[in-house]
Amino acid sequence: MTTKVPIVENILSANEQLAVSNRARLDAAGVFAINVMASPGAGKTSLITRTIEALRETHRIGAVDGDIATTLDADRIAAFGAPTVQINTGGACHLDAVMLQGALPQLPLEELDLLIVENVGNLVCPASFKLGVHRSVLIASVPEGDDKPYKYPVMYRGVDGLVLNKMDVLDAFDFDVDYFRQGVEALNPGLAFFPLSCKTGEGLEGWLNWLRNEVQDHVPGNPGKDR
Ligand code: MG
Ligand code: ZN
282 MTTKVPIVEN
292 ILSANEQLAV
302 SNRARLDAAG
312 VFAINVMASP
322 GAGKTSLITR
332 TIEALRETHR
342 IGAVDGDIAT
352 TLDADRIAAF
362 GAPTVQINTG
372 GACHLDAVML
382 QGALPQLPLE
392 ELDLLIVENV
402 GNLVCPASFK
412 LGVHRSVLIA
422 SVPEGDDKPY
432 KYPVMYRGVD
442 GLVLNKMDVL
452 DAFDFDVDYF
462 RQGVEALNPG
472 LAFFPLSCKT
482 GEGLEGWLNW
492 LRNEVQDHVP
502 GNPGKDR
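Numbering (our numbering), first residue to last: 282 to 508.
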């Protein structure tokens, strides 16, 4: 008697196929890439410029900045000396793999160690579009409130690192860090967590150490995370 072996076809969506090809391209060039997501105003651009400032002596860094209309953030990042490509999404509220694919040839990939992608400010759909990067990072901020993990579970589930920015104003807000972390732990146990202030610089070292280690430990071509 013969047993029929079912053929499982892994049918990837068009976006996922392009994400795989973006990853291959980054790996071929030896670039470690992260996707930075957050709601508008949480401090994506501030964290990115702080990061470039701190790591530019040891890492060759490039950036991709996704924005709905303006080049304001891309200009801020480029001012720190990192090659930066602006993606104007023309109204779309997230980046996708096609957009990143279009940006990569405009960067000197062979000369970079780290590529930081700033997604469009939005806590909903960026979580559903893989880009082909190696890690995803979410930035929350104190003024947004401590209930965000409960309201946006998909976003909190799919990331590898969580920054809580604007800790310098914690006393002025009714933000319960324990309640916030309980919500995060339920969705993403053991998630790397970095409470910090981009304004004062307090807490930045924890984030920078994590990122340094992620870049250093990365083995190109390793299937690893699927982001
Ligand atoms: Mg920004
Ligand atoms: Zn969207």
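The beta-carbon is built from N, C-alpha and C at its ideal position, and this holds for glycine as well.
Cβ neighbour criterion (16 or more within 10 Å) applied to residue i
{"i": "P389", "result": "exposed"}
{"i": "K513", "result": "Residue 513 cannot be examined here, being either before or after the span of the chain that is shown, 282 to 508."}
{"i": "A408", "result": "buried"}
{"i": "T352", "result": "exposed"}
Straight-line Cα distance separating residue j from residue i
{"i": "G324", "j": "L419", "result": "10 Å"}
{"i": "L412", "j": "R438", "result": "16 Å"}
{"i": "I397", "j": "A295", "result": "23 Å"}
{"i": "D507", "j": "A300", "result": "9 Å"}
{"i": "L472", "j": "G464", "result": "11 Å"}
{"i": "Y460", "j": "A453", "result": "17 Å"}
{"i": "S422", "j": "G442", "result": "14 Å"}
{"i": "G505", "j": "E425", "result": "32 Å"}
{"i": "F313", "j": "S417", "result": "11 Å"}
{"i": "A319", "j": "L381", "result": "18 Å"}
{"i": "E290", "j": "H415", "result": "With a pLDDT of 49 at E290, under the threshold of 50, the modelled position of this residue cannot be trusted; read the value that follows with caution. One C-alpha to the other measures close to 24 Å."}
{"i": "G402", "j": "F410", "result": "14 Å"}
{"i": "L385", "j": "E399", "result": "14 Å"}
Beta-carbon separation (whole angstroms), residue i vs residue j, contact threshold 8 Å
{"i": "G383", "j": "P364", "result": "Their Cβ separation, rounded to whole angstroms, is 15 Å, which puts G383 and P364 out of contact at 8 Å."}
{"i": "P430", "j": "L468", "result": "6 Å"}
Heavy atom of ligand 2 within 8 Å of residue i beta-carbon
{"i": "V405", "result": "yes"}
{"i": "H415", "result": "no"}
{"i": "A319", "result": "no"}
{"i": "V401", "result": "yes"}
{"i": "A295", "result": "no"}
{"i": "A350", "result": "no"}
{"i": "A250", "result": "The structure shown does not extend to residue 250, since the chain spans only 282 to 508, so no value can be given for it."}
heavy atom of ligand 3 below 8 Å from residue i C-beta
{"i": "C479", "result": "As for ligand 3, it is missing from this structure, which binds only ligand 1 and ligand 2."}
Exercise. How about the segment 476-495 and the segment 323-341: do they share at least three Cβ pairs that are nearer than 8 Å?
Worked result: yes
Exercise. Is there contact here, the segment 336-347 with the segment 447-457, by at least three beta-carbon pairs under 8 Å?
Worked result: no
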